[in-house]
Amino acid sequence: DAGVIQSPRHEVTEMGQEVTLRCKPISGHDYLFWYRQTMMRGLELLIYFNNNVPIDDSGMPEDRFSAKMPNASFSTLKIQPSEPRDSAVYFCASSYTGYDTEAFFGQGTRLTVV
Amino acid sequence: LAKTTQPISMDSYEGQEVNITCSHNNIATNDYITWYQQFPSQGPRFIIQGYKTKVTNEVASLFIPADRKSSTLSLPRVSLSDTAVYYCLVGDSYTGGFKTIFGAGTRLFVKA
């Protein structure tokens, strides 16, 4: 397996634009996580899915953020409208079960909102 | 939430053993302790996980005392390439799901 695949690797967009980040988890993994990393706040868990169902989205900063997982092999994180403070590295991770197994992280998407 | 506390940074020299201790006083019965490593511009990578006593793999050892309120990650004979941020995590389980929360991590700098 190629691991967790995220796209794009880098995204630069203007304030107010819609941004969509994509993630393909490792085949067979039934948990998928979205994290955001900044210098100020470190790694924050935004939302996670189990078997394509959102379980906890309490980390999503506000209504401008939404995440979907239409099937077991694809998830999106959307920001609409984007703001400069959304600039960060967004990581997707997947794991086979839950907290008692390792999570595999993608390479991340570096988002810059200007 | 099971909060973790670890040193912000540590320095070491090549060839030395490095021990990073993490405190998790409110760890729950079902929680596992997991350590991740992160290099710049990369996602975190799993190092080791344990529940109690000692766990060892090809990369590191994890020591967990009987009360499980702390854990120590031991890296034998570090090299320059071990310079990274190390995160201690405690699975935060609750009815219907769980959260894996990253703390601030420990920035390890290995010198030649």
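In order, the protein sequences belong to chains A and B.
If you use our numbering, the first sequence corresponds to residues 232 to 345, in order.
If you use our numbering, the second sequence corresponds to residues 32 to 143, in order.
All C-beta atoms in this analysis are idealised placements derived from N, C-alpha and C, irrespective of residue type, glycine included.
Asked	Found
Name the chain A residues whose beta carbon is nearer than 8 Å to that of isoleucine 132 of chain B?	Leu276
Could you tell me whether the Cβ atoms of glutamate 249 of chain A and glutamine 311 of chain A are closer together than 8 Å?	yes
Can you tell which of B/Ser102, B/Gly136 and B/Ile132 has the C-alpha that lies nearest to the C-alpha of alanine 115 of chain B?	B/Gly136
Decide if isoleucine 39 of chain B is buried, meaning its Cβ has at least 16 other Cβ atoms within 10 Å, or exposed.	exposed
Output the boundary residues of the beta strand (DSSP E) element that contains phenylalanine 264 of chain A.	262-269
Identify the continuous beta strand (DSSP E) that holds serine 54 of chain B and give its terminal residues.	49-54
How long is the line joining the alpha carbons of phenylalanine 70 of chain B and glycine 134 of chain B, rounded to whole angstroms?	16 Å
Check this for me: beta carbons of threonine 343 of chain A and serine 318 of chain A, under 8 Å apart or not?	yes
Just checking: is the beta-carbon of glycine 273 of chain A within a distance shorter than 8 Å of some beta-carbon in chain B?	yes
Hey, out of B/Lys34, B/Pro107 and B/Leu139, whose CA is closest to threonine 87 of chain B's CA?	B/Pro107
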